[in-house]
Amino acid sequence: MEPNFLSESLYTLLENIPEGVHITDQQGITQLYNQSAANIDGINPQKALGKHVLEMFPSLTEETSTILQVLRTGESVIRKEQEIRNLYGIPIYLLTTSLPIRANGRIVGAIDISQNLTQVKLLAEKIVDLHSDLKLRPKRPNVEHANYTFNDIIGQHPALLEVIERAKKAARTDSPILVHGETGTGKELLVQSIHNHSPRRNGPFISQNCAALPATLMESILFGTSKGSFTGAENRIGLVELADGGTLFLDELTCLDFELQAKLLRFIQEKNIRRIGDSQLRPMNVRIITSTNMDPAVAVKKNLLRPDLYYRLNVVSLKLPPLRERSTDIPILTQRFITELNQNLHCQISSISPPVQDLFSSYPWPGNIRELRCTLEGAMNLAETDSLEITHLPPHLLQKALPDQPMNLSDVENLPLPEALGKVEKTLISSALEKSKGNVSQAAKILGLPRQTLQYKIQALGIKL
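Quick note on full-length UniProt numbering: the sequence shown kicks off at 1 and runs consecutively.
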(Lines of atoms letter the chains of each structure in order from A; the text may use other names.)
(Lines give C-alpha, C1' and ligand atoms only; values in the text may rest on other atoms or scores of the structure.)
Protein backbone atom coordinates (compact mmCIF):
# COMPACT_ATOMS: atom_id res chain seq x y z
CA MET A 1 0.00 0.00 0.00
CA GLU A 2 1.26 3.49 -0.81
CA PRO A 3 3.09 5.36 2.00
CA ASN A 4 1.15 7.77 4.19
CA PHE A 5 -2.03 6.08 3.06
CA LEU A 6 -3.65 6.59 6.44
CA SER A 7 -3.41 9.93 8.14
CA GLU A 8 -2.77 9.87 11.87
CA SER A 9 -6.26 11.17 12.68
CA LEU A 10 -7.95 8.60 10.44
CA TYR A 11 -5.81 5.85 11.92
CA THR A 12 -6.84 6.89 15.44
CA LEU A 13 -10.50 6.91 14.42
CA LEU A 14 -10.39 3.45 12.87
CA GLU A 15 -8.56 2.04 15.86
CA ASN A 16 -11.25 3.21 18.28
CA ILE A 17 -14.62 2.71 16.59
CA PRO A 18 -16.80 -0.13 17.97
CA GLU A 19 -17.00 -1.95 14.62
CA GLY A 20 -14.30 -4.34 13.51
CA VAL A 21 -12.06 -2.79 10.82
CA HIS A 22 -9.73 -4.80 8.56
CA ILE A 23 -7.71 -2.97 5.88
CA THR A 24 -5.56 -4.72 3.28
CA ASP A 25 -3.41 -3.62 0.37
CA GLN A 26 -4.17 -4.62 -3.21
CA GLN A 27 -2.64 -8.06 -2.62
CA GLY A 28 -4.88 -8.84 0.35
CA ILE A 29 -2.09 -8.28 2.90
CA THR A 30 -3.31 -6.85 6.22
CA GLN A 31 -2.30 -3.24 6.90
CA LEU A 32 -4.63 -2.51 9.83
CA TYR A 33 -6.63 -4.74 12.15
CA ASN A 34 -8.28 -2.77 14.94
CA GLN A 35 -8.98 -3.88 18.50
CA SER A 36 -12.72 -4.27 17.87
CA ALA A 37 -11.97 -6.80 15.12
CA ALA A 38 -9.60 -8.60 17.48
CA ASN A 39 -12.33 -8.74 20.12
CA ILE A 40 -14.58 -10.51 17.62
CA ASP A 41 -12.26 -13.33 16.56
CA GLY A 42 -9.38 -13.30 19.06
CA ILE A 43 -6.57 -12.53 16.59
CA ASN A 44 -3.81 -10.32 18.01
CA PRO A 45 -3.84 -7.04 16.01
CA GLN A 46 -0.03 -6.86 15.86
CA LYS A 47 0.31 -10.45 14.68
CA ALA A 48 -2.31 -9.82 12.00
CA LEU A 49 -0.21 -7.15 10.29
CA GLY A 50 1.49 -8.41 7.15
CA LYS A 51 -0.64 -11.55 6.90
CA HIS A 52 -2.85 -12.45 3.96
CA VAL A 53 -6.60 -12.63 4.53
CA LEU A 54 -6.73 -16.36 3.80
CA GLU A 55 -3.83 -17.00 6.18
CA MET A 56 -5.79 -15.27 8.94
CA PHE A 57 -9.06 -17.01 8.08
CA PRO A 58 -8.43 -20.47 6.56
CA SER A 59 -12.18 -21.14 6.49
CA LEU A 60 -12.61 -18.45 3.80
CA THR A 61 -11.83 -18.73 0.09
CA GLU A 62 -11.22 -16.26 -2.71
CA GLU A 63 -14.95 -16.50 -3.47
CA THR A 64 -16.37 -16.29 0.06
CA SER A 65 -14.12 -13.53 1.42
CA THR A 66 -15.86 -10.21 0.82
CA ILE A 67 -12.64 -8.20 1.04
CA LEU A 68 -10.96 -10.35 -1.63
CA GLN A 69 -14.11 -10.14 -3.74
CA VAL A 70 -13.87 -6.34 -3.62
CA LEU A 71 -10.17 -6.41 -4.58
CA ARG A 72 -11.00 -8.71 -7.49
CA THR A 73 -14.09 -6.91 -8.86
CA GLY A 74 -13.69 -3.35 -7.63
CA GLU A 75 -17.34 -3.37 -6.55
CA SER A 76 -18.50 -2.69 -3.00
CA VAL A 77 -20.23 -5.35 -0.91
CA ILE A 78 -22.82 -3.76 1.38
CA ARG A 79 -24.13 -5.35 4.58
CA LYS A 80 -23.59 -8.98 3.66
CA GLU A 81 -23.83 -11.81 6.16
CA GLN A 82 -20.58 -13.75 6.37
CA GLU A 83 -19.35 -16.62 8.52
CA ILE A 84 -15.74 -16.93 9.65
CA ARG A 85 -14.05 -19.32 12.07
CA ASN A 86 -12.02 -17.98 14.97
CA LEU A 87 -8.72 -19.43 16.22
CA TYR A 88 -10.60 -22.22 17.98
CA GLY A 89 -12.73 -23.16 14.97
CA ILE A 90 -15.87 -21.63 16.46
CA PRO A 91 -18.19 -20.04 13.84
CA ILE A 92 -18.66 -16.28 14.05
CA TYR A 93 -21.42 -14.53 12.12
CA LEU A 94 -20.68 -11.06 10.80
CA LEU A 95 -22.59 -8.35 9.01
CA THR A 96 -19.91 -7.01 6.70
CA THR A 97 -19.49 -4.02 4.42
CA SER A 98 -16.41 -4.18 2.18
CA LEU A 99 -15.28 -1.19 0.13
CA PRO A 100 -12.46 -0.68 -2.38
CA ILE A 101 -9.83 1.97 -1.59
CA ARG A 102 -8.78 3.94 -4.64
CA ALA A 103 -5.90 6.31 -5.27
CA ASN A 104 -5.15 8.01 -8.57
CA GLY A 105 -7.88 6.01 -10.26
CA ARG A 106 -6.68 2.56 -9.26
CA ILE A 107 -7.50 0.15 -6.45
CA VAL A 108 -4.78 0.21 -3.81
CA GLY A 109 -6.57 -1.78 -1.13
CA ALA A 110 -9.86 -2.59 0.56
CA ILE A 111 -11.53 -2.03 3.91
CA ASP A 112 -13.81 -4.44 5.76
CA ILE A 113 -16.18 -3.03 8.41
CA SER A 114 -17.93 -5.73 10.43
CA GLN A 115 -20.50 -6.10 13.19
CA ASN A 116 -20.66 -9.26 15.28
CA LEU A 117 -24.10 -10.87 14.93
CA THR A 118 -23.16 -14.20 16.49
CA GLN A 119 -25.19 -14.01 19.69
CA VAL A 120 -28.21 -12.42 18.02
CA LYS A 121 -28.17 -14.94 15.18
CA LEU A 122 -27.85 -17.92 17.49
CA LEU A 123 -30.68 -16.60 19.65
CA ALA A 124 -32.88 -16.03 16.60
CA GLU A 125 -32.17 -19.55 15.34
CA LYS A 126 -33.06 -20.99 18.75
CA ILE A 127 -36.37 -19.13 18.63
CA VAL A 128 -37.19 -20.56 15.20
CA ASP A 129 -36.02 -24.04 16.21
CA LEU A 130 -38.20 -23.87 19.32
CA HIS A 131 -41.23 -22.89 17.26
CA SER A 132 -40.45 -25.70 14.82
CA ASP A 133 -39.94 -28.25 17.59
CA LEU A 134 -43.25 -27.33 19.18
CA LYS A 135 -45.05 -27.62 15.87
CA LEU A 136 -43.69 -31.13 15.37
CA ARG A 137 -44.95 -32.31 18.77
CA PRO A 138 -48.73 -32.74 18.25
CA LYS A 139 -49.13 -34.88 21.35
CA ARG A 140 -48.68 -31.80 23.52
CA PRO A 141 -51.91 -29.90 22.88
CA ASN A 142 -51.97 -26.09 22.81
CA VAL A 143 -48.21 -25.68 23.36
CA GLU A 144 -47.80 -23.82 20.07
CA HIS A 145 -51.32 -22.41 20.12
CA ALA A 146 -52.73 -19.16 21.43
CA ASN A 147 -53.60 -19.26 25.13
CA TYR A 148 -56.25 -16.55 25.39
CA THR A 149 -59.88 -16.26 24.32
CA PHE A 150 -62.39 -13.41 24.30
CA ASN A 151 -63.46 -14.51 27.79
CA ASP A 152 -60.05 -13.39 29.07
CA ILE A 153 -60.59 -9.79 27.95
CA ILE A 154 -61.69 -7.83 31.02
CA GLY A 155 -64.05 -4.87 30.77
CA GLN A 156 -67.58 -3.70 30.07
CA HIS A 157 -66.95 -0.32 28.48
CA PRO A 158 -68.97 0.12 25.24
CA ALA A 159 -65.86 1.04 23.23
CA LEU A 160 -64.15 -2.21 24.24
CA LEU A 161 -67.26 -4.32 23.69
CA GLU A 162 -67.61 -2.89 20.18
CA VAL A 163 -64.03 -3.90 19.34
CA ILE A 164 -64.65 -7.40 20.67
CA GLU A 165 -67.81 -7.75 18.59
CA ARG A 166 -66.01 -6.60 15.42
CA ALA A 167 -63.14 -8.98 16.18
CA LYS A 168 -65.49 -11.95 16.58
CA LYS A 169 -67.02 -11.23 13.19
CA ALA A 170 -63.60 -10.84 11.56
CA ALA A 171 -62.44 -14.13 13.10
CA ARG A 172 -64.78 -16.06 10.79
CA THR A 173 -62.72 -15.29 7.66
CA ASP A 174 -59.06 -15.31 6.60
CA SER A 175 -58.83 -11.61 5.70
CA PRO A 176 -55.83 -9.67 7.06
CA ILE A 177 -56.42 -7.72 10.27
CA LEU A 178 -54.52 -4.64 11.43
CA VAL A 179 -54.79 -3.95 15.16
CA HIS A 180 -53.60 -0.64 16.56
CA GLY A 181 -53.51 0.74 20.04
CA GLU A 182 -51.14 2.25 22.54
CA THR A 183 -48.59 0.15 24.38
CA GLY A 184 -50.22 -1.97 27.06
CA THR A 185 -53.76 -1.94 25.68
CA GLY A 186 -53.83 -5.72 25.10
CA LYS A 187 -53.21 -6.13 21.37
CA GLU A 188 -51.76 -9.65 21.55
CA LEU A 189 -54.54 -10.75 23.91
CA LEU A 190 -57.06 -9.62 21.29
CA VAL A 191 -55.16 -11.29 18.44
CA GLN A 192 -54.89 -14.60 20.29
CA SER A 193 -58.61 -14.42 20.99
CA ILE A 194 -59.31 -13.91 17.29
CA HIS A 195 -57.21 -16.96 16.41
CA ASN A 196 -58.98 -19.14 18.98
CA HIS A 197 -62.38 -17.96 17.71
CA SER A 198 -61.50 -18.73 14.09
CA PRO A 199 -61.62 -21.92 11.98
CA ARG A 200 -57.81 -21.97 12.37
CA ARG A 201 -58.01 -22.49 16.14
CA ASN A 202 -56.43 -25.95 15.87
CA GLY A 203 -53.57 -24.65 13.73
CA PRO A 204 -50.37 -22.99 14.93
CA PHE A 205 -50.28 -19.46 16.30
CA ILE A 206 -46.88 -17.87 15.66
CA SER A 207 -46.13 -14.47 17.15
CA GLN A 208 -43.10 -12.28 16.42
CA ASN A 209 -42.27 -8.80 17.70
CA CYS A 210 -40.62 -7.08 14.74
CA ALA A 211 -38.65 -4.79 17.06
CA ALA A 212 -37.03 -7.71 18.88
CA LEU A 213 -34.55 -8.66 16.15
CA PRO A 214 -32.20 -6.66 13.88
CA ALA A 215 -33.56 -5.85 10.45
CA THR A 216 -30.68 -7.80 8.89
CA LEU A 217 -31.99 -11.04 10.40
CA MET A 218 -35.72 -10.56 10.04
CA GLU A 219 -35.94 -11.75 6.43
CA SER A 220 -34.26 -15.08 7.20
CA ILE A 221 -36.34 -15.46 10.37
CA LEU A 222 -39.58 -14.84 8.48
CA PHE A 223 -38.95 -16.72 5.25
CA GLY A 224 -36.21 -19.21 6.14
CA THR A 225 -32.89 -19.99 4.47
CA SER A 226 -31.55 -22.51 2.02
CA LYS A 227 -28.16 -24.15 2.48
CA GLY A 228 -25.50 -22.20 0.62
CA SER A 229 -27.52 -18.98 0.31
CA PHE A 230 -24.71 -17.30 2.24
CA THR A 231 -21.64 -18.55 4.04
CA GLY A 232 -22.73 -20.78 6.90
CA ALA A 233 -26.40 -20.85 5.91
CA GLU A 234 -28.36 -24.04 6.59
CA ASN A 235 -31.74 -25.31 5.47
CA ARG A 236 -33.99 -23.64 8.01
CA ILE A 237 -37.71 -22.98 7.85
CA GLY A 238 -38.99 -19.53 8.75
CA LEU A 239 -41.89 -18.31 10.82
CA VAL A 240 -44.21 -18.12 7.81
CA GLU A 241 -43.79 -21.84 7.15
CA LEU A 242 -44.21 -22.60 10.83
CA ALA A 243 -47.54 -20.76 10.75
CA ASP A 244 -48.80 -22.75 7.74
CA GLY A 245 -52.40 -23.71 8.43
CA GLY A 246 -52.68 -21.18 11.24
CA THR A 247 -52.05 -17.53 12.08
CA LEU A 248 -48.91 -15.39 11.93
CA PHE A 249 -49.00 -12.33 14.18
CA LEU A 250 -46.43 -9.59 13.48
CA ASP A 251 -46.32 -7.08 16.33
CA GLU A 252 -44.80 -3.59 15.90
CA LEU A 253 -45.02 -3.87 12.13
CA THR A 254 -43.49 -0.42 11.58
CA CYS A 255 -40.11 -1.75 12.78
CA LEU A 256 -39.72 -3.71 9.53
CA ASP A 257 -37.67 -1.87 6.92
CA PHE A 258 -39.33 -0.94 3.62
CA GLU A 259 -37.53 -3.65 1.63
CA LEU A 260 -38.82 -6.38 3.91
CA GLN A 261 -42.28 -4.79 3.96
CA ALA A 262 -42.29 -5.15 0.17
CA LYS A 263 -41.44 -8.85 0.45
CA LEU A 264 -44.17 -9.32 3.03
CA LEU A 265 -46.63 -7.64 0.67
CA ARG A 266 -45.59 -9.98 -2.14
CA PHE A 267 -46.16 -13.02 0.09
CA ILE A 268 -49.62 -11.79 1.13
CA GLN A 269 -50.61 -11.23 -2.50
CA GLU A 270 -49.13 -14.41 -3.98
CA LYS A 271 -49.54 -16.71 -0.95
CA ASN A 272 -46.20 -18.40 -1.51
CA ILE A 273 -42.65 -17.88 -0.31
CA ARG A 274 -39.14 -18.56 -1.49
CA ARG A 275 -36.53 -19.22 1.17
CA ILE A 276 -33.43 -17.04 0.94
CA GLY A 277 -31.14 -18.60 -1.66
CA ASP A 278 -33.75 -21.11 -2.82
CA SER A 279 -35.41 -21.32 -6.24
CA GLN A 280 -38.41 -23.31 -5.04
CA LEU A 281 -41.70 -21.53 -4.46
CA ARG A 282 -43.61 -22.93 -1.49
CA PRO A 283 -47.38 -22.32 -1.25
CA MET A 284 -48.50 -21.20 2.20
CA ASN A 285 -51.89 -21.11 3.90
CA VAL A 286 -51.38 -18.46 6.58
CA ARG A 287 -53.60 -15.76 8.01
CA ILE A 288 -51.69 -12.54 8.67
CA ILE A 289 -52.57 -10.31 11.62
CA THR A 290 -50.40 -7.29 12.35
CA SER A 291 -50.32 -4.53 14.93
CA THR A 292 -48.86 -1.07 15.49
CA ASN A 293 -48.55 1.20 18.52
CA MET A 294 -49.72 4.21 16.52
CA ASP A 295 -52.46 5.04 14.07
CA PRO A 296 -51.31 3.22 10.90
CA ALA A 297 -52.36 6.17 8.73
CA VAL A 298 -49.96 8.33 10.75
CA ALA A 299 -47.27 5.68 10.32
CA VAL A 300 -47.72 5.94 6.55
CA LYS A 301 -47.32 9.73 6.68
CA LYS A 302 -44.15 9.33 8.77
CA ASN A 303 -42.72 6.87 6.22
CA LEU A 304 -42.74 4.03 8.73
CA LEU A 305 -45.25 1.95 6.79
CA ARG A 306 -45.51 1.40 3.06
CA PRO A 307 -48.85 2.70 1.71
CA ASP A 308 -49.38 -0.39 -0.47
CA LEU A 309 -48.78 -2.72 2.49
CA TYR A 310 -51.05 -0.61 4.68
CA TYR A 311 -53.95 -0.90 2.23
CA ARG A 312 -53.38 -4.65 1.88
CA LEU A 313 -53.25 -5.29 5.63
CA ASN A 314 -55.96 -2.85 6.70
CA VAL A 315 -58.81 -5.00 5.37
CA VAL A 316 -60.18 -5.20 8.91
CA SER A 317 -59.07 -2.41 11.25
CA LEU A 318 -59.41 -2.81 15.02
CA LYS A 319 -58.52 0.03 17.38
CA LEU A 320 -58.16 -0.79 21.06
CA PRO A 321 -59.11 2.16 23.29
CA PRO A 322 -56.56 3.38 25.86
CA LEU A 323 -57.40 2.79 29.50
CA ARG A 324 -58.03 6.50 30.15
CA GLU A 325 -60.94 6.33 27.69
CA ARG A 326 -62.50 3.36 29.50
CA SER A 327 -61.90 4.41 33.11
CA THR A 328 -65.12 2.70 34.22
CA ASP A 329 -63.31 -0.60 33.65
CA ILE A 330 -60.51 0.26 36.11
CA PRO A 331 -62.31 -1.16 39.20
CA ILE A 332 -63.03 -4.41 37.33
CA LEU A 333 -59.44 -4.72 36.14
CA THR A 334 -58.11 -3.82 39.58
CA GLN A 335 -60.12 -6.53 41.30
CA ARG A 336 -59.09 -9.16 38.75
CA PHE A 337 -55.41 -8.27 39.06
CA ILE A 338 -55.54 -8.24 42.87
CA THR A 339 -57.06 -11.73 42.82
CA GLU A 340 -54.32 -13.01 40.48
CA LEU A 341 -51.50 -11.27 42.35
CA ASN A 342 -52.71 -12.51 45.73
CA GLN A 343 -51.99 -16.02 44.46
CA ASN A 344 -48.67 -15.15 42.82
CA LEU A 345 -47.33 -13.04 45.70
CA HIS A 346 -48.97 -15.00 48.52
CA CYS A 347 -50.75 -11.86 49.72
CA GLN A 348 -54.20 -11.33 51.21
CA ILE A 349 -55.17 -7.93 49.85
CA SER A 350 -58.94 -7.59 49.96
CA SER A 351 -59.54 -3.91 49.16
CA ILE A 352 -58.07 -0.60 48.09
CA SER A 353 -58.73 2.61 49.99
CA PRO A 354 -61.08 5.28 48.59
CA PRO A 355 -58.19 7.74 47.91
CA VAL A 356 -56.46 5.08 45.82
CA GLN A 357 -59.69 4.37 43.95
CA ASP A 358 -60.13 8.07 43.19
CA LEU A 359 -56.53 8.39 42.05
CA PHE A 360 -56.78 5.33 39.79
CA SER A 361 -59.89 6.79 38.14
CA SER A 362 -58.28 10.18 37.44
CA TYR A 363 -54.76 9.07 36.49
CA PRO A 364 -54.21 8.97 32.66
CA TRP A 365 -52.36 5.61 32.65
CA PRO A 366 -49.94 6.21 29.76
CA GLY A 367 -48.83 2.57 30.05
CA ASN A 368 -52.47 1.46 30.04
CA ILE A 369 -53.47 -1.96 31.43
CA ARG A 370 -49.87 -3.12 31.74
CA GLU A 371 -49.02 -0.10 33.90
CA LEU A 372 -52.08 -0.67 36.10
CA ARG A 373 -51.08 -4.27 36.77
CA CYS A 374 -47.45 -3.36 37.51
CA THR A 375 -48.57 -0.55 39.83
CA LEU A 376 -50.76 -2.97 41.77
CA GLU A 377 -47.98 -5.53 41.97
CA GLY A 378 -45.57 -2.93 43.33
CA ALA A 379 -48.09 -1.68 45.89
CA MET A 380 -48.91 -5.20 47.05
CA ASN A 381 -45.23 -5.84 47.67
CA LEU A 382 -45.20 -2.92 50.11
CA ALA A 383 -48.58 -3.41 51.78
CA GLU A 384 -48.58 -4.30 55.47
CA THR A 385 -52.34 -4.72 55.85
CA ASP A 386 -55.11 -6.24 53.76
CA SER A 387 -55.79 -2.86 52.09
CA LEU A 388 -53.79 -0.88 49.52
CA GLU A 389 -53.21 2.69 50.65
CA ILE A 390 -51.94 5.86 48.99
CA THR A 391 -48.56 5.44 50.67
CA HIS A 392 -48.01 2.12 48.88
CA LEU A 393 -48.04 3.76 45.45
CA PRO A 394 -44.95 4.84 43.47
CA PRO A 395 -43.79 8.49 43.70
CA HIS A 396 -45.06 9.57 40.27
CA LEU A 397 -48.58 8.49 41.28
CA LEU A 398 -48.27 10.04 44.73
CA GLN A 399 -47.62 13.37 43.08
CA LYS A 400 -51.03 13.07 41.42
CA ALA A 401 -52.61 12.41 44.80
CA LEU A 402 -52.05 15.98 45.93
CA PRO A 403 -52.61 18.24 42.91
CA ASP A 404 -52.88 21.33 45.12
CA GLN A 405 -49.48 20.63 46.65
CA PRO A 406 -47.20 19.42 43.84
CA MET A 407 -44.26 17.31 44.86
CA ASN A 408 -40.80 17.85 43.40
CA LEU A 409 -39.71 14.39 42.34
CA SER A 410 -36.13 15.57 41.92
CA ASP A 411 -35.96 15.58 45.72
CA VAL A 412 -36.43 11.82 45.89
CA GLU A 413 -35.57 10.31 42.50
CA ASN A 414 -31.91 9.70 43.41
CA LEU A 415 -32.63 8.30 46.87
CA PRO A 416 -32.81 4.61 47.76
CA LEU A 417 -36.41 3.40 47.45
CA PRO A 418 -37.10 3.01 51.22
CA GLU A 419 -35.77 6.50 51.91
CA ALA A 420 -37.68 7.99 48.97
CA LEU A 421 -40.94 6.35 50.06
CA GLY A 422 -40.41 7.57 53.61
CA LYS A 423 -39.93 11.13 52.42
CA VAL A 424 -43.00 10.96 50.19
CA GLU A 425 -45.04 9.37 52.97
CA LYS A 426 -44.04 12.14 55.37
CA THR A 427 -45.07 14.78 52.83
CA LEU A 428 -48.49 13.19 52.31
CA ILE A 429 -49.18 12.78 56.02
CA SER A 430 -48.10 16.36 56.75
CA SER A 431 -50.39 17.61 53.98
CA ALA A 432 -53.35 15.60 55.30
CA LEU A 433 -52.76 16.90 58.82
CA GLU A 434 -52.63 20.44 57.49
CA LYS A 435 -55.93 19.94 55.67
CA SER A 436 -57.54 18.50 58.79
CA LYS A 437 -56.03 21.25 60.98
CA GLY A 438 -54.22 18.66 63.07
CA ASN A 439 -57.16 16.32 63.55
CA VAL A 440 -55.62 12.84 63.32
CA SER A 441 -58.95 11.07 62.78
CA GLN A 442 -59.86 13.31 59.82
CA ALA A 443 -56.34 13.01 58.39
CA ALA A 444 -56.62 9.22 58.62
CA LYS A 445 -59.84 9.35 56.58
CA ILE A 446 -58.16 11.53 53.94
CA LEU A 447 -55.30 9.04 53.65
CA GLY A 448 -57.51 5.96 53.88
CA LEU A 449 -55.63 4.69 56.93
CA PRO A 450 -56.80 3.39 60.31
CA ARG A 451 -56.33 6.09 62.95
CA GLN A 452 -54.00 3.86 64.98
CA THR A 453 -51.78 3.21 61.94
CA LEU A 454 -51.56 6.93 61.18
CA GLN A 455 -50.73 7.72 64.81
CA TYR A 456 -47.87 5.21 64.66
CA LYS A 457 -46.53 6.68 61.41
CA ILE A 458 -46.67 10.23 62.81
CA GLN A 459 -44.49 9.17 65.72
CA ALA A 460 -42.15 7.03 63.59
CA LEU A 461 -41.57 9.83 61.07
CA GLY A 462 -41.14 12.49 63.73
CA ILE A 463 -44.03 14.64 62.51
CA LYS A 464 -45.01 17.36 64.95
CA LEU A 465 -48.69 18.02 65.52
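Heads up, the beta-carbon is just placed ideally off N, CA and C, and yes, glycines get one too. Just so you know, these numbers come straight off a predicted model, no measurement behind them.
>> To the nearest angstrom, how far is the alpha carbon of Leu-281 from that of Gln-82?
In response: In this structure, the CA atom of Leu-281 is about 25 Å from the CA atom of Gln-82.
> Could you give the residue range of the beta strand (DSSP E) that holds Asp-112?
Replying inline: Start and end: 106 to 116.
> What number of angstroms, rounded off, separates the C-alpha of Leu-189 from the C-alpha of Ile-153?
Replying inline: Taking the straight line joining both Cα atoms gives about 7 Å.
> How would you label Asn-142, buried or exposed, when you count the other beta carbons within 10 angstroms and need 16 or more for buried?
Replying inline: Any reading at Asn-142 is ruled out, since the residue's pLDDT is 35, under 50, leaving its predicted position unreliable.
> So what does DSSP say about Ile-221, is it helix, strand or coil?
Replying inline: The answer is helix: DSSP assigns Ile-221 an H, G or I state.
> Roughly how many whole angstroms lie between the Cα atoms of Ser-98 and Ile-90?
Replying inline: Answer to the nearest angstrom: the Cα atoms are 23 Å apart.
> How many Å lie between Asn-34 and Glu-15 at the Cα?
Replying inline: Between the alpha carbons of Asn-34 and Glu-15 lies a distance of about 5 Å.
> For Glu-390 versus Leu-428, is the C-beta distance shorter than 8 Å?
Replying inline: According to the sequence displayed, residue 390 carries Ile and not Glu. Going by C-beta atoms, Ile-390 is nearer than 8 Å to Leu-428.
>> Taking the beta carbon of Ala-460 as the centre, do at least 16 other beta carbons fall within 10 Å, making it buried, or is it exposed?
In response: The residue in question, Ala-460, is exposed, as its Cβ has fewer than 16 Cβ neighbours within 10 Å.
> Taking Cβ positions, are Gly-184 and Gly-367 nearer each other than 8 Å?
Replying inline: It is a contact, given that the beta carbons lie within the stated cut-off.
> In terms of alpha-carbon separation, which member of Val-70, Ile-349, Leu-222, Ile-369 lies closest to Leu-250?
Replying inline: Considering only alpha carbons, the answer is Leu-222.
> Which residues does DSSP pair with Leu-32 in a beta bridge?
Replying inline: DSSP output for Leu-32 lists Ile-23 as bridge partner(s).
> Exposed or buried, what is Lys-457 when buried is set at 16 or more other beta-carbons lying within 10 Å of its beta-carbon?
Replying inline: Around the C-beta of Lys-457, 16 or more other C-beta atoms lie within 10 Å, and the residue is accordingly described as buried.
> From Pro-199 to Arg-172, what does the alpha carbon distance come to, in whole angstroms?
Replying inline: C-alpha separation (whole angstroms): 7 Å.
> Below 8 Å, can you find three or more Cβ-Cβ pairs linking the stretch 301 to 314 to the stretch 159 to 173?
Replying inline: Judged by pairs of C-beta atoms under 8 Å, the stretch 301 to 314 does not touch the stretch 159 to 173, as fewer than three such pairs exist.
> Apart from the five residues just before and just after Pro-100, which ones in its own chain have a Cβ nearer than 6 Å to its Cβ?
Replying inline: Its chain contains Val-70, Gly-74, Ile-107, Ala-110 as the residues whose beta carbon lies nearer than 6 Å to that of Pro-100, once the 5 sequence neighbours on both sides are disregarded; these appear in chain order.
>> To the nearest angstrom, how far is the alpha carbon of Gln-26 from that of Asn-293?
In response: One C-alpha to the other measures close to 50 Å.
>> Can you check which of these residues, Asp-41, Thr-328, Thr-334, is closest to Ala-379 by C-alpha distance?
In response: Of the residues Asp-41, Thr-328, Thr-334, the one whose Cα lies closest to the Cα of Ala-379 is Thr-334.
> How is Tyr-456 classed by DSSP in three states: helix, strand or coil?
Replying inline: The DSSP-derived three-state label of Tyr-456 is helix.
> So, are the CB atoms of Leu-253 and Asp-308 less than 8 Å apart?
Replying inline: No, these two residues do not count as a Cβ contact at 8 Å.
> Could you give the uninterrupted runs of the beta strand (DSSP E) lying entirely in the stretch 263 to 308, keeping only those of 3 residues or more?
Replying inline: Here the runs fully enclosed are 287 to 292.
> In the structure shown, what three-state DSSP assignment does Ile-164 receive?
Replying inline: Ile-164: helix per DSSP, three-state reduction.
> How is Glu-425 classed by DSSP in three states: helix, strand or coil?
Replying inline: Here Glu-425 sits in helix by DSSP.
> Counting Cβ pairs, one atom from each stretch, are 3 or more of them under 8 Å apart for the stretch 267 to 279 and the stretch 203 to 223?
Replying inline: By the C-beta criterion, the stretch 267 to 279 is judged to be in contact with the stretch 203 to 223, since at least 3 inter-stretch pairs fall below 8 Å.
> When you compare only the Cα positions, how much space is there between Thr-453 and Pro-355?
Replying inline: Pairing Thr-453 with Pro-355, the inter-Cα distance amounts to about 16 Å.
>> Could you tell me the alpha carbon to alpha carbon distance between Ser-436 and Tyr-310, rounded to whole angstroms?
In response: The alpha-carbon atoms of Ser-436 and Tyr-310 are separated by roughly 58 Å.
> Thinking just about the alpha-carbon of each residue, which of Gly-42, Leu-242, Thr-339, Val-191 is nearest to the one in Lys-169?
Replying inline: Minimum Cα distance to Lys-169 is reached at Val-191.
>> Just verifying my parser: in three-state terms, what is the DSSP assignment at Tyr-93?
In response: In the structure shown, the three-state DSSP call for Tyr-93 is strand.
> Under 8 Å, do Ile-349 and Ile-338 count as touching if we go by C-beta distance?
Replying inline: In contact: Ile-349 and Ile-338 (Cβ atoms closer than 8 Å).
>> I believe Gly-448 touches Leu-465 by the beta-carbon criterion, under 8 Å. Please report the beta-carbon distance rounded to the nearest angstrom.
In response: Contact check for Gly-448 and Leu-465: beta-carbon distance about 20 Å, past the 8 Å limit, so the pair fails to qualify.
>> Taking the alpha-carbon of Pro-314 as reference, which of Ala-211, Ala-37, Ser-291 has the nearest alpha-carbon?
In response: For clarity, residue 314 is Asn in the given sequence; the question names Pro instead. The shortest Cα separation from Asn-314 among Ala-211, Ala-37, Ser-291 belongs to Ser-291.
> For Gly-245, which option in Leu-117, Phe-205, Thr-96 has the closest C-alpha, if you only look at C-alpha atoms?
Replying inline: Per the Cα distances, Phe-205.
> Taking Cβ to Cβ, would you say Ser-193 is nearer than 8 Å to Ala-167?
Replying inline: Against a cut-off of 8 Å, the Cβ pair of Ala-167 and Ser-193 comes out as a contact.
>> With a threshold of 6 Å on Cβ separation, who are the neighbours of Gly-20 within its own chain once the five nearest residues in sequence on each side are excluded?
In response: Closer than 6 Å at the Cβ level, and outside the excluded window around Gly-20, lie Ser-36, Ala-37, Ile-40, Ser-114.
> Taking C-beta to C-beta, are Ser-353 and Leu-398 nearer than 8 Å?
Replying inline: Between Ser-353 and Leu-398, the CB-CB gap reaches or exceeds 8 Å.
> Would a C-beta distance cut-off of 8 Å place Thr-96 and Met-56 closer than the cut-off?
Replying inline: No, these two residues do not count as a Cβ contact at 8 Å.
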